[in-house]
Amino acid sequence: MEPLATEVVNFDDRNITISWFSGNPDPTLKVSQVSAYCIYKGKLIIVRNKRGWAIPGGHPEEGESVEEALARELDEEAEIKERYKSKLIGWMKVSDPQNEGVEGKSSSQLRFLVILSDLPEFIPDDEIFERKLIDIDEFDQYISWANSPTGKAQIMTLKDNLI
922 MEPLATEVVN FDDRNITISW FSGNPDPTLK VSQVSAYCIY KGKLIIVRNK RGWAIPGGHP
982 EEGESVEEAL ARELDEEAEI KERYKSKLIG WMKVSDPQNE GVEGKSSSQL RFLVILSDLP
1042 EFIPDDEIFE RKLIDIDEFD QYISWANSPT GKAQIMTLKD NLI
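Right, dumping it as structure tokens:
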């Protein structure tokens, strides 16, 4: 399968290759992250943490399924409970030959589309300061990587899945 976009980024003085694919991930790669494009009444939900604005998501914990990790991260970061429909829309292959961390030298980061029927009240904490609803076309005004090749490919895939 060919990626829809590929780029090389510098992270912690390491060159990392990131490729975006639509559909199901390579099952041989460890899942290092699950994140979601959450839609409520046509708006995209973003959250603000110490690094800035992001889509809700994070790392799966030991022994946790992808679905369990997604549910936990949505609850922890955006107060999103289990009344939603989710669909895997794509994934990134992250190739980081110098990574000695738990992610390993090659891993996948999954992206889901989550459609919400209701949105509970948001309670800020010491990790997530704010939750905001935005138009999808405003995404690049909040998310630093949105205009990168893989960022643009993700938004294109998201829009294709909303039709």
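For any residue, its number in this note's numbering is found by taking its place in the sequence shown, counting from 1, and adding 921. C-beta atoms are modelled at their ideal positions from N, C-alpha and C, and glycine is treated no differently. Since the model is a prediction, treat every value here as computed from it, not as a measurement.
Here Val987 is not bridged, per DSSP, to any residue. Relative to the Cα of Glu1024, the nearest Cα in the group Ile1044, Glu988 and Val1015 belongs to Val1015. Between the alpha carbons of Ser1027 and Asp1017 lies a distance of about 6 Å. Linking Thr938 to Ser1029 through their CA atoms gives a straight-line distance of about 12 Å.
Beta-bridge pairing by DSSP links Gly1011 to Ser943 and Arg1032.
Under DSSP, Gln954 shares a beta bridge with Gln1030.
According to DSSP, Leu1054 shares a beta bridge with Ile966.
Restricting attention to Ala992, Ser943, Ser940 and Ile1064, the CA atom closest to the CA of Arg1004 is found in Ala992. DSSP places Glu928 within a strand segment (E or B) once states are collapsed to three. Ile966 and Ile976 have their alpha carbons spaced roughly 7 Å apart.
Only residues of its own chain outside the window of five on either side were considered, and among them Ala990 and Arg993 have a CB closer than 8 Å to the CB of Glu982, listed in chain order. A direct Cα-Cα distance of roughly 12 Å separates Phe942 from Ile1076.
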